[in-house]
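Residue 1191 in my numbering is what sits at position 483 of the sequence shown, and the numbering runs on without skipping anything.
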Amino acid sequence: MAELGSHAVVLGAGIAGLLAARVLTEFYESVTVIDRDGLPDRAEHRTGVPQGRHLHSLLGRGTQAIGELFPGLLDELGAAGAVVDDGDDLSRLYVRVGRYELNPSGRLADPRPLAAYQASRPFLEFHLRRRVNALGNVTILDRNNIVAPVLADNAVNGVRIINRDSGTASTVSADLIVDATGRAGRTAHFLANQGVGVAPEERVPSAGGYSSQLLSIPPGRIAQRMAFVNQGSRAPGALLVAYEHDTWMLAISCPAESGSPPTSFADMLQAAESMLPSTIMAGLRDATCVGEISVSRNTAAVWRRYDRMPHLPSGLVVVGDAFCSLNPLHGQGMTMAAVQALTLRDCLRAGKTDLPQRFYRDAAEHIGPVWAANRANDRPAPPAAERASARWLNSWIQRAALRAASADIAVAERILRVRGLIDSPVRLREPSFFARILLANLRHPRPALYVPAPPIHSSVSQTDEREIRALVDGQAKRRRGRTEITRLRYLTPDVALIQARAAITGRLRCRMRRNTSVAVRTDNGWLLAFSQNTTY
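Here's what the structure looks like:
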């Protein structure tokens, strides 16, 4: 295409930078990628990416995006040694959230979006860099320090750099600069120092740390290809992922409440002992460490809200962690970088007028739901900040969803799709999904989930009450009886819980029937989704 300008420059040759460079080749005659590191000609760690020694994962949405931007690359990754899991065999996964485990015998309705290509960060970055290098209009300049963009007349038209070997300073002119320099990115400081404005920030502070250890494990010692244990935001967690060439990455997360993250492999094994099954632990005890353990105490998340700045210079866009860095424990960074690359492509297709404003606005639509979900999971509201009724209901819904996922593969699939960023988190709040959760719990009742609830001060409106009572009365008439509603309340604005009782008169005795029903609001009014009767 190459119709928006003659030259674009990407600052940073990490995942976000390489994906952005690929997009820019469609719109600019030439693209230059600049990085301070000497870039290796094989898959190995580099100084400028210390997080590369920690566990990385490419979620389903990220896999789709990379496959779209680089046709054939996913097959190349598999051929080069990446562990490929097509998602059709859940027995290769061990997933436990709280005390609920994913049913390994289930079959997903559509496993393709959940296919995983598991590999280390250096492995993936090397293969991306090789493909970008092969593009005819890309030049990669390594071992160059990035000083600052060049701003004139409210437009960025270049960047100043210094060669690390010769010390020579130079200015690289460009029609567009893309900052992909990661968490250390300084565009926000640059804009403030130039008097353009201050980018508002949203932050979720660091609340613990994590340790990662690359391992070599003999083939066949662990049947699964991934193990994931989440015991809540205030308890340790574990993640074990199979990588290329019989290597594995073990990560142990430790929130502040549970102490410091492990600093040795022996400590990691001790922490994992209480979380992972004995069959997996047996394989871990046969593991050999590859390199040193890596420990991080930075799980902070920062979203620089460039979309809220009233004025932005043209010719400058920020992507990846330099734009929004998420808690690394969620493993979403590479996937969000890929989503932003597609967003940048869509914005460039619409032209370069107001490009930064349009990009930040559109990217925020993808970031917002993920940010909100992460914030709620990372730092739940303290008891004093949440009404007792709301706290009880939220806790009940979470337990009910997890229990349903262990019994209903459709519920598990929806959760996995949201976890893979294929679907928005808002899909977990759809009335139809909520109704399915309740139905699964009614089919597999657990007494602890159905103790009398504290009052929920969310009375059903008179209009809704009349319509719901008409539904219940109509059902009672068909059964030639009369039902008395004993409790009627909202669970969500579109889901109501109905508790009722009725007398059943027989020739010899009178019995009572209790009924629990759920009504769901539809476009055509309220509908009884399901009900359960208990006769005594």
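Just so it is clear, CB atoms sit at the ideal spot from N, CA and C, and this is done for glycine as well.
ask   = In this structure, does DSSP put residue 1000 in helix, strand or coil?
value = For the purposes of this step, residue 1000 is taken as the residue at position 292 of the sequence shown. In this structure, residue 1000 counts as coil in the three-state DSSP scheme.
- Message: Measuring CB atoms only, is the segment 922-938 touching the segment 1023-1030, in the sense that at least three cross pairs come out at less than 8 Å?
- Response: no
Please classify residue 999 as buried or exposed, where buried requires at least 16 other C-beta atoms within 10 Å of its C-beta.
By 1-based counting over the sequence shown, the position of residue 999 is 291. Exposed, because fewer than 16 other Cβ atoms sit within 10 Å of the Cβ of residue 999.
Does the pairing of the segment 864-876 with the segment 750-766 give three or more beta-carbon distances under 8 Å?
-> no
Practice prompt. Evaluate the contact criterion for the segment 896-908 versus the segment 983-1003: three or more CB pairs, one atom per stretch, below 8 Å.
Written response: no
- prompt: If you count every other CB in all the chains shown that lies within 10 Å of the CB of residue 1007, and 16 or more means buried, which is it?
  reply: Locating residue 1007 in the sequence shown gives position 299, where the first residue counts as 1. Buried, since its Cβ has 16 or more Cβ neighbours within 10 Å.
- Hey, how far is the Cα of residue 743 from the Cα of residue 890? Translated into positions along the sequence shown, residue 743 becomes position 35. Translated into positions along the sequence shown, residue 890 becomes position 182. In a straight line, the C-alpha of residue 743 is about 11 Å away from that of residue 890.
Notebook entry, point to check: Looking only at its own chain, which residues have a Cβ that is under 7 Å from the Cβ of residue 804, when we skip the five neighbours before and after it?
Noted result: Reading the sequence shown from its first residue, position 96 is the one you call residue 804. Correct list, in chain order: 937.
Task: Bridge-paired residues (DSSP) for residue 793 - done: Taking the sequence shown and counting its residues from 1, the one referred to as residue 793 is at position 85. Answer is 824, bridged to residue 793.
Does DSSP classify residue 843 as helix, strand or coil?
Position 135 of the sequence shown, counting from 1, holds the residue named residue 843. Residue state, collapsed to three classes: coil.
- prompt: Ordered along the chain, which non-local residues of its own chain (more than five positions away) have a Cβ less than 8 Å from that of residue 738?
  reply: Working through the sequence shown from its first residue, we reach residue 738 at position 30. Excluding positions up to five away in sequence, the list reads 714, 715, 716, 845, 846, 847.
Integer Cβ distance of residue 1037 from residue 961, believed to fall under 8 Å: The residue labelled residue 1037 in the question sits at position 329 within the sequence shown. The residue labelled residue 961 in the question sits at position 253 within the sequence shown. Between residue 961 and residue 1037 the Cβ distance is about 5 Å, and since that is below 8 Å, they are a contact.
* How is the beta strand (DSSP E) around residue 973 delimited, first residue to last? -> Taking the first residue of the sequence shown as 1, we reach residue 973 at position 265. Where residue 973 is concerned, there is no enclosing beta strand (DSSP E), although the alpha helix (DSSP H) it sits in stretches over 973-981.
Practice problem: Pull up the DSSP beta-bridge partners for residue 962, would you. | Solution: Numbered from 1 along the sequence shown, position 254 holds the residue referred to as residue 962. Residue 962 pairs with 917.
*Could you check which residue in 850, 842, 904 has the C-alpha nearest to that of residue 861?*
For the purposes of this step, residue 861 is taken as residue 153 along the sequence shown, with counting starting at 1. For the residues 850, 842, 904, the minimum Cα distance to residue 861 belongs to 904.
Review point. What three-state label does DSSP hand residue 1068 in the structure shown?
Key: Residue 1068 sits at position 360 when you count from the first residue of the sequence shown. Three-state result, residue 1068: helix.
Give me the Cα-Cα distance between residue 727 and residue 774, rounded to the nearest whole angstrom.
Walking along the sequence shown from the start, residue 727 turns up at place 19. Walking along the sequence shown from the start, residue 774 turns up at place 66. Straight-line Cα distance between these residues: approximately 8 Å.
Next on the checklist: Give me the residue from 944, 943, 958 with the minimum Cα distance to residue 950.
Outcome noted: Residue 950 sits at position 242 when you count from the first residue of the sequence shown. It is 958.
- Task: Rounded to whole angstroms, what's the CA-CA distance from residue 798 to residue 1079? Just pull it up for me.
- Result: Counted from its first residue, the sequence shown places residue 798 at position 90. Counted from its first residue, the sequence shown places residue 1079 at position 371. For residue 798 and residue 1079, the distance between alpha carbons rounds to 28 Å.
Next item on the list: Classify residue 1172 as helix, strand or coil using the three-state DSSP reduction.
Entry: Position 464 of the sequence shown holds residue 1172. Three-state DSSP puts residue 1172 in a helix.
Problem - Check whether residue 1117 and residue 1142 have beta carbons under 9 Å apart - result: By one-based count along the sequence shown, residue 1117 stands at place 409. By one-based count along the sequence shown, residue 1142 stands at place 434. No.
Return the CA-CA distance between residue 841 and residue 733, expressed in angstroms with no decimal places.
As a working note, residue 841 is residue 133 in the sequence shown. As a working note, residue 733 is residue 25 in the sequence shown. Using only the alpha carbons, I get a separation of about 11 Å.
- By Cβ distance below 7 Å, which residues in the same chain neighbour residue 973 in space, the five residues on each side in sequence not counted? Taking the sequence shown and counting its residues from 1, the one referred to as residue 973 is at position 265. So the qualifying residues of the chain are 921, 997, 1001.
Bridge partners for residue 1246 per DSSP, in chain order?
This structure gives no information on residue 1246, because the portion of the chain shown stretches from 709 to 1244.
Using only the alpha-carbon positions, how far apart do residue 824 and residue 794 sit?
Here residue 824 refers to the residue found at position 116 of the sequence shown. Here residue 794 refers to the residue found at position 86 of the sequence shown. Their backbone Cα atoms lie some 6 Å apart in a straight line.
- prompt: When DSSP builds the beta bridges, which residues end up paired with residue 858?
  reply: Here the question's residue 858 lines up with position 150 in the sequence shown. Answer by DSSP bridge pairing, in chain order: 866.
### Query
Quick one: what does DSSP say residue 737 is sitting in, helix, strand or coil?
As a position in the sequence shown, residue 737 is number 29, starting the count at 1. Of the three classes helix, strand and coil, the one that applies to residue 737 here is strand, per DSSP.
query = Looking at the structure shown, is residue 1155 part of a helix, part of a strand, or coil, going by DSSP?
reply = The count along the sequence shown starts at 1 and reaches residue 1155 at position 447. Model confidence at residue 1155 stands at a pLDDT of 36, short of 50, so the residue's coordinates are unreliable and nothing is read from them.
**Asked** Comparing the CB of residue 1126 with every heavy atom of the ligand SAH, is any distance shorter than 8 Å?
**Response** Summarising the ligand content, the structure contains no ligands, and the ligand SAH is consequently not present.
- Item | For residue 786, the nearest candidate out of 759, 821, 832, 768 (CA to CA) | Within the sequence shown, the letter at position 78 stands for residue 786. Closest option to residue 786, Cα to Cα, is 832.
Exposed or buried, what is residue 1127 when buried is set at 16 or more other beta-carbons lying within 10 Å of its beta-carbon? Within the sequence shown, the letter at position 419 stands for residue 1127. The residue in question, residue 1127, is buried, as its Cβ has 16 or more Cβ neighbours within 10 Å.
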